[in-house]
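Using the working numbering, the letters of the sequence shown correspond one by one to residues 2 to 358.
Accompanying notes for the structure given below.
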Amino acid sequence: MNTGAELAVDVVVDNYEYGRYLPAAIESALAQTHPRVNVIVVDDGSRDGSREILEGYRDRVTLVLKENGGQASALNAGFERCEGDVVIFLDADDTLDPRAAATVADAFAADPELVKAQFRTEVIDPEGNAIGRIKPAPHLPAPSGDVRGAELAYPFDLVWMATSANAFRTAALRRIMPMPEGPFRTCADWYLVHLSALLGRVVTLPEVLGCYRLHGANSYEPQAATLDLDHVRETVRFAASTSEALLALAAAERMPHPKQVLSLSDLANRMVSLRLEPERHPLPDDRRGTLLRGAVGALRRRDNISIAMKAMFAAWFAVMAVAPKRVARWLAVLFLFPERRAGLNRLLGRFQGTEGG
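This is the structure:
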């Protein structure tokens, strides 16, 4: 069995007009303590001076300069140059802890069945200062082990990490890449984190091994706890594309799988979109009744939440399906932003404590 030090780690930095943050990302990749790290930087058609910055790194990294095609296109191009055992995809506005490559290499060396290692990140501001948050929050249980059943049943209800907080076994990625570029011009991590989890074991490492930068121009991260229906619709589209890819991979791998993915978070987003702006809803076959029945089916699959929580979800979907639009908007905010429902959270916490759930 290989030791972690024997495994080669490729760090693929993908950049599109993040020249302001690009040097910090590259320097963090070059500063890894692991003895075998190869840094590949893909610029996806930037016009902000990024390419002039990259010229200064030409003798220290592998440069891939391409026309703009989106994040999936950039990651595909970078992965074509990967020759190591482990791959980390690093967004150009994020950074890695110097221990990241060594820590994930040790994890892969210790478990031959491991296909993905993920870790939490510290949230920083545009200048790189910590703002006192960890992403995802430490109290949220992130999955480890064989999660193929959950991934096919309710994938979007699981706690997964953003692009830069994952490391993948190269051999596993070769089974699912190149990834489809049209549906994942942004947020290619939806495809990567979910499909890779069908190919073996995953582990959530205890260390915080990177920094996630919030700068106001993040391609997906909400900047405030306010309802943004464009963002909701975008999430619905990513979930639909990822669900289709998951079921196709399961069929190709001859895995037992349900006829459809039923995640409560996805069904809730679809209900919000359908109720509040039906004319712009991205899934034309959705109806209130079918979403309500889907939620009932999703609740039946979940044996890891309490009866009180199931009752709350069921009530939310039932009322959301028939409420006036003004009430539906309030219910949408209540569901999508936990920080806006502190009193209800405390009540549910007491119910769960009573039930032991």
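No residue lacks a Cβ here, since even glycine has one placed at the ideal position from N, Cα and C.
Predicted, not measured: the structure shown is a model, and the values here were computed from it.
Return the chain-ordered list of same chain residues with a C-beta closer than 6 Å to the C-beta of residue i, the five sequence neighbours on each side being excluded.
| i | result |
| --- | --- |
| Arg134 | Val124 |
| Val233 | Asn270, Val273, Ser274 |
| Val297 | none |
| Asn3 | Ala110 |
| Ser244 | Val262 |
| Thr63 | Ile41, Arg82 |
So if DSSP puts residue i in a beta bridge, which residue, or which two residues, is it bridged to?
| i | result |
| --- | --- |
| Gly211 | Leu97 |
| Gln119 | Asn167, Thr205 |
| Ile125 | Ala131, Arg214 |
| Val65 | Val43 |
| Lys136 | Thr122 |
| Asn16 | Asp44 |
| Val10 | Val38, Val87 |
Apart from the five residues just before and just after residue i, which ones in its own chain have a Cβ nearer than 8 Å to its Cβ?
| i | result |
| --- | --- |
| Gln353 | With a pLDDT of 47 at Gln353, under the threshold of 50, the modelled position of this residue cannot be trusted, and the question is left open. |
| Trp331 | none |
| Val116 | Phe169, Arg170, Ala173, Ser197, Ala198, Leu200, Gly201, Arg202, Val203 |
What residue range is occupied by the uninterrupted alpha helix (DSSP H) comprising residue i?
| i | result |
| --- | --- |
| Lys311 | 308–323 |
| Asp190 | 190–197 |
| Val148 | Val148 -> no alpha helix (DSSP H), and no H or E assigned at all. |
| Val160 | Unbroken run through Val160: none, as it is neither H nor E. |
| Phe185 | Segment: none, Phe185 is in no alpha helix (DSSP H) and carries neither H nor E. |
| Phe338 | Counting along the chain, Phe338 falls outside any alpha helix (DSSP H), and DSSP gives it neither H nor E. |
| Gly295 | 289–302 |
| Pro24 | 23–31 |
| Glu53 | 51–56 |
| Glu278 | Glu278 -> no alpha helix (DSSP H), and no H or E assigned at all. |
| Gln261 | That residue, Gln261, is in no alpha helix (DSSP H); it is neither H nor E in DSSP. |
| Thr243 | 230–253 |
| Ala78 | 72–80 |
Would you mind sorting residue i into buried or exposed? The rule is 16 or more other CB atoms within 10 Å of its CB.
| i | result |
| --- | --- |
| Lys326 | exposed |
| Ile27 | buried |
| Gly5 | buried |
| Ile132 | exposed |
| Arg281 | exposed |
| Lys260 | exposed |
| Pro339 | exposed |
| Glu53 | exposed |
| Pro257 | exposed |
| Leu159 | buried |
| Val320 | exposed |
| Ala30 | buried |
From which residue to which residue does the beta strand (DSSP E) around residue i run?
| i | result |
| --- | --- |
| Asp44 | 38–45 |
| Phe90 | 87–92 |
Please check the pair residue i and residue j, which I expect to be a contact at CB under 8 Å, by giving their CB distance rounded to whole angstroms.
| i | j | result |
| --- | --- | --- |
| Val38 | Ala102 | 5 Å |
| Glu208 | Thr104 | 6 Å |
| Val43 | Val14 | 7 Å |
| Ala151 | Pro144 | 7 Å |
| Leu293 | Phe314 | Wrong, their Cβ atoms sit about 11 Å apart, outside the cutoff. |
| Ala333 | Leu265 | With 8 Å as the limit, Ala333 and Leu265 do not qualify as a contact, their Cβ atoms being about 14 Å apart. |
| Leu268 | Ala299 | 6 Å |
| Pro156 | His195 | 5 Å |
| Lys67 | Gly50 | Actually they are not in contact, since the Cβ atoms of Lys67 and Gly50 sit about 17 Å apart, beyond 8 Å. |
| Glu182 | Ala73 | 4 Å |
Sorted by chain position, which residues of the same chain lie with C-beta nearer than 7 Å to residue i's C-beta, five sequence neighbours on each side aside?
| i | result |
| --- | --- |
| Cys212 | Asp95, Thr96, Thr122, Glu123, Ile125 |
Beta carbon of residue i: closer than 7 Å to some heavy atom of the ligand PLP?
| i | result |
| --- | --- |
| Ile135 | The ligand PLP is not among the ligands present in this structure, which contains no ligands whatsoever. |
Between residue i and chain D, is any beta-carbon pair separated by less than 8 Å?
| i | result |
| --- | --- |
| Glu182 | As a matter of chain content, chain D is missing from the structure shown, which is built from one protein chain. |
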